[in-house]
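Novice:
Number of protein chains: 2
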Amino acid sequence: MWMSESIGCLAAKLSNYVQLTERDHAHLDILERETQTYQRHQEIVSAGEDLKYLYIVKEGWAYSYVDTRDGRRQIVKLHMPGDLIGFESLPSASVACSVRAASTLVLCPFVPTALNIIFSKAQRLAAILFAMSCRDQEMMVSRLRAIGRMDARERLIQMLLDTINQMRLTEPEISQPLVIPLSQTEIGDYVGLTNVHVSKTLIRLEREGLIARSDGYRVEIVNESAMERIVDYENNHRALDTSWFPEY
Amino acid sequence: MWMSESIGCLAAKLSNYVQLTERDHAHLDILERETQTYQRHQEIVSAGEDLKYLYIVKEGWAYSYVDTRDGRRQIVKLHMPGDLIGFESLPSASVACSVRAASTLVLCPFVPTALNIIFSKAQRLAAILFAMSCRDQEMMVSRLRAIGRMDARERLIQMLLDTINQMRLTEPEISQPLVIPLSQTEIGDYVGLTNVHVSKTLIRLEREGLIARSDGYRVEIVNESAMERIVDYENNHRALDTSWFPEY
DNA sequence: CGATTAGTTGATTAACTTCAAGTCCAGTGG
DNA sequence: CCACTGGACTTGAAGTTAATCAACTAATCG
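Note that the protein sequences, when read in sequence, are chains R and L.
Okay, so the first sequence: first residue is 1 according to my numbering, each after it adds one.
Okay, so the second sequence: first residue is 249 according to my numbering, each after it adds one.
(1) Taking the beta carbon of Pro420/L as the centre, do at least 16 other beta carbons fall within 10 Å, making it buried, or is it exposed?
(2) Does the distance from the CB of Asn364/L to the CB of Trp244/R come in under 7 Å?
(3) Here's the rule I'm using: 16 or more other beta-carbon atoms within 10 Å means buried, otherwise exposed. How should Gly82/R be labelled?
(4) Nearest CA to the CA of Leu129/R: which residue from Asp24/R, Ile7/R and Glu34/R?
(5) At which residues does the beta strand (DSSP E) containing His41/R begin and terminate?
(6) Can you pull the DSSP bridge partners for Tyr55/R?
(7) Could you please tell me which residues of the segment 97–119 of chain R, in chain order, have their CB closer than 9 Å to any CB of chain L?
(8) When the cut-off is 7 Å and only beta carbons count, does Ala131/R lie next to chain L?
(9) Nearest to Gln489/L by alpha carbon, out of Tyr38/R, Gln19/R and Ser94/R?
(10) What residue range is occupied by the uninterrupted beta strand (DSSP E) comprising Ile323/L?
(11) Mind checking which residues open and close the alpha helix (DSSP H) that includes Arg401/L?
(12) Starting from Arg477/L, trace the alpha helix (DSSP H) both ways and give me its first and last residue.
(13) Are Phe540/L and Cys134/R closer than 7 Å when you measure CB to CB?
(14) If you draw a straight line from the C-alpha of Trp2/R to the C-alpha of Lys77/R, how long is it?
(15) Any C-beta of chain R sitting closer than 7 Å to the C-beta of Arg477/L?
(16) Just the chain L side, please: which residues come within less than 9 Å of Thr35/R by C-beta, in chain order?
(17) Within the continuous alpha helix (DSSP H) that includes Ile459/L, where are the two ends?
(18) On the criterion of 16 or more Cβ atoms from any shown chain inside 10 Å, does Ala101/R qualify as buried, or is it exposed?
(19) Which of the three DSSP states, helix, strand or coil, is assigned to Ser312/L?
(20) Let me make sure I understand the geometry here. Which of Cys9/R, Leu125/R, Cys97/R and Gly216/R has the alpha-carbon closest to that of Val263/R?
(21) When you compare only the Cα positions, how much space is there between His225/R and Thr185/R?
(22) Give a yes or no on whether the C-beta atoms belonging to Glu468/L and Pro425/L are separated by under 7 Å.
(23) Tell me, which residues are paired with Val196/R by DSSP?
(24) I need the DSSP call for Ile469/L, collapsed to helix, strand or coil.
(25) Identify each residue in the segment 304–323 of chain L for which the Cβ-Cβ distance to at least one residue of chain R is less than 7 Å, and report them in chain order.
(26) List the residues of chain R whose Cβ lies closer than 8 Å to the Cβ of Ser491/L, in chain order.
(27) Decide if the segment 191–205 of chain R is in contact with the segment 144–153 of chain R; the criterion is three or more beta carbon pairs, one per stretch, under 8 Å apart.
(28) Is the beta carbon of Thr246/L sitting closer than 7 Å to the one on Val347/L?
(29) Leaving aside the five residues before and after Met167/R along the sequence, list all residues of the same chain whose C-beta is less than 8 Å from its C-beta, in chain order.
(30) Whole angstroms are fine: how far does the CA of Ser312/L sit from the CA of Met332/L?
(31) Verify the CB distance criterion: does Pro246/R have a CB-CB separation below 7 Å to chain L?
(32) On the premise that Met140/R lies in contact with Leu338/L, defined as a C-beta separation below 8 Å, what is that separation, rounded to the nearest angstrom?
(33) Have a look at Ala11/R and Arg124/R and give me their C-alpha separation to the nearest angstrom.
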């Protein structure tokens, strides 16, 4: 655990959207004071526990997931640097989704009561957090559409586009091929398919010339616009509307 | 359009969770000042439009949905009295989900800039709204699990349990049989199935003695605990943890 | 070097969709 | 009052998609 000298990860992501004041930065620093490192596949919290911490992703990827008793798993969200983890657990104070490291991972844990200060002393920041929570909902809508109404090929295309666009948030000129630290079983758990069918469908996408793969893990999105047309894609990650934010 | 004398619908629902102050009530009244009535199946907003209003449901049911160009539809949420509509559209200021009346419906529209006042003058209420948004996410997690990893029978069971528990929020001792103002096509769009398969599966649930149906629209949940066991159900709609709320 | 994990492949099976026909209304107009 | 219409639901047959099962390959790691 150490003080971060550089700008925080959440602050970095948020400043893509809004102009942050000194005061905002000061409050955000409170949230990003502590860090904790995890290994790939390490379980960070398990569903059902009492909620102790919320997290900001500093480095690496994590994912939230839910299980059924008989072993089926659904991955709910991917978390990349600057993302917030655990807000769906806030209302009931018990963990709604288990969280696991998808790669080597650095998180900044903070206690929910830290929000107290933000709501009372930094209302504009509170509004920003609210907006991020709403944006999460927007992404869940798109995932629901994909899983509920798309076939395997479309689901994987949607996932790849979501992923690259989420990566671009922290690295706008991202270089291909992408390294996606998820096994095909995990990809299947994300899009609601089996690992076998993911394998077959990725091979199909490769034959169609939409993607290229190398080394087993690297994926290149070869024909992004064709893929966007197939799933009628729209990128959610645009600027924030701040017209309803409070002034200081 | 008329002033409401009685307690607002949102206020009524929130007071199931938290003790609202005079001040909270005053601010909530601002949001519930106007009302607008719609007929069953009437379109209230369409995806892609500029966001003009957020809504609170006063009476009746609505649902949010998304379409694909080729006509597939996914219903995202059901909205019942006291629910908030449209928060997923807030970040981008453009409507993310179309909204339609499922029954005769009364809504209270309010402009997003009204949130400005709540965040700056009623921080505790802002925290409550934030908590409601997080709770929405929690429900989306459960829907994602259902649609991504359950078969038709389990999905319908999950939907029925979600529905009755959501109804209990405003009417704790709800009387069966329930009247669910959704066609089987709409139910299918909600759970990611065709109307044909919904029909067959409901008949199966009826034969199994889990539900009973009458009049075409009425559904009775005959064996709720058995249904809860089948889908490993847990009811999200419990008390709110308010320990992180700001004081006034 | 065996042991484990991730991915691929093919055969079989199960679940769900599609298509098409038919029933049972409630509403409409002659 | 009755024929006509359209919507919602049901039913059965046929077709498709994805799951399951099982065997095999390649890579990694002690």
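The beta-carbon is built from N, C-alpha and C at its ideal position, and this holds for glycine as well.
Specialist: According to the structure shown:
(1) Counting Cβ neighbours within 10 Å, Pro420/L comes out exposed, since fewer than 16 surround it.
(2) yes
(3) buried
(4) Checked all of Asp24/R, Ile7/R and Glu34/R; the closest Cα to Leu129/R is Asp24/R.
(5) From DSSP, His41/R is part of no beta strand (DSSP E); its letter is neither H nor E.
(6) DSSP, once it has assigned bridges, lists Ile85/R and Pro109/R as partnering Tyr55/R.
(7) Cys97, Val111, Pro112, Thr113, Ala114, Leu115, Asn116, Ile117, Ile118 and Phe119
(8) yes
(9) The question names Gln, but residue 489/L in the sequence shown is Asp. Cα-wise, what sits closest to Asp489/L is Ser94/R.
(10) Arg321 to His327
(11) Ala400 to Thr418
(12) Glu472 to Val479
(13) Not covered by the structure: residue 540/L. The range shown for chain L is 249 to 496.
(14) In this prediction, Trp2/R has a pLDDT of 46, which is less than 50 and means its spatial position is unreliable; what the coordinates show is noted afterwards. Rounded to the nearest angstrom, the two C-alpha atoms are 28 Å apart.
(15) At a cut-off of 7 Å between beta carbons, Arg477/L makes no contact with chain R.
(16) In chain order: nothing, as chain L lies at least about 21 Å away.
(17) Boundaries around Ile459/L are those of the beta strand (DSSP E), Ile459 to Ser462, since no alpha helix (DSSP H) includes it.
(18) buried
(19) strand
(20) Since the displayed chain R opens at 1 and closes at 248, residue 263/R lies outside it and no answer follows.
(21) The question names His, but residue 225/R in the sequence shown is Ser. Between Ser225/R and Thr185/R, the C-alpha separation is close to 27 Å.
(22) yes
(23) DSSP output for Val196/R lists no bridge partner at all.
(24) strand
(25) Val314, Thr316, Arg317, Arg320 and Gln322
(26) Ala93, Pro112 and Thr113
(27) With a cut-off of 8 Å, the segment 144–153 of chain R and the segment 191–205 of chain R count as touching, because enough Cβ pairs lie within range.
(28) It is not possible to answer for residue 246/L, since the shown part of chain L is limited to 249 through 496.
(29) Met80, Ile174 and Leu178
(30) Note that residue 332/L is Leu in the sequence shown, not Met. C-alpha separation (whole angstroms): 11 Å.
(31) With 7 Å as the cut-off, Pro246/R counts as an interface residue toward chain L.
(32) 14 Å between Cβ atoms; not a contact.
(33) 14 Å
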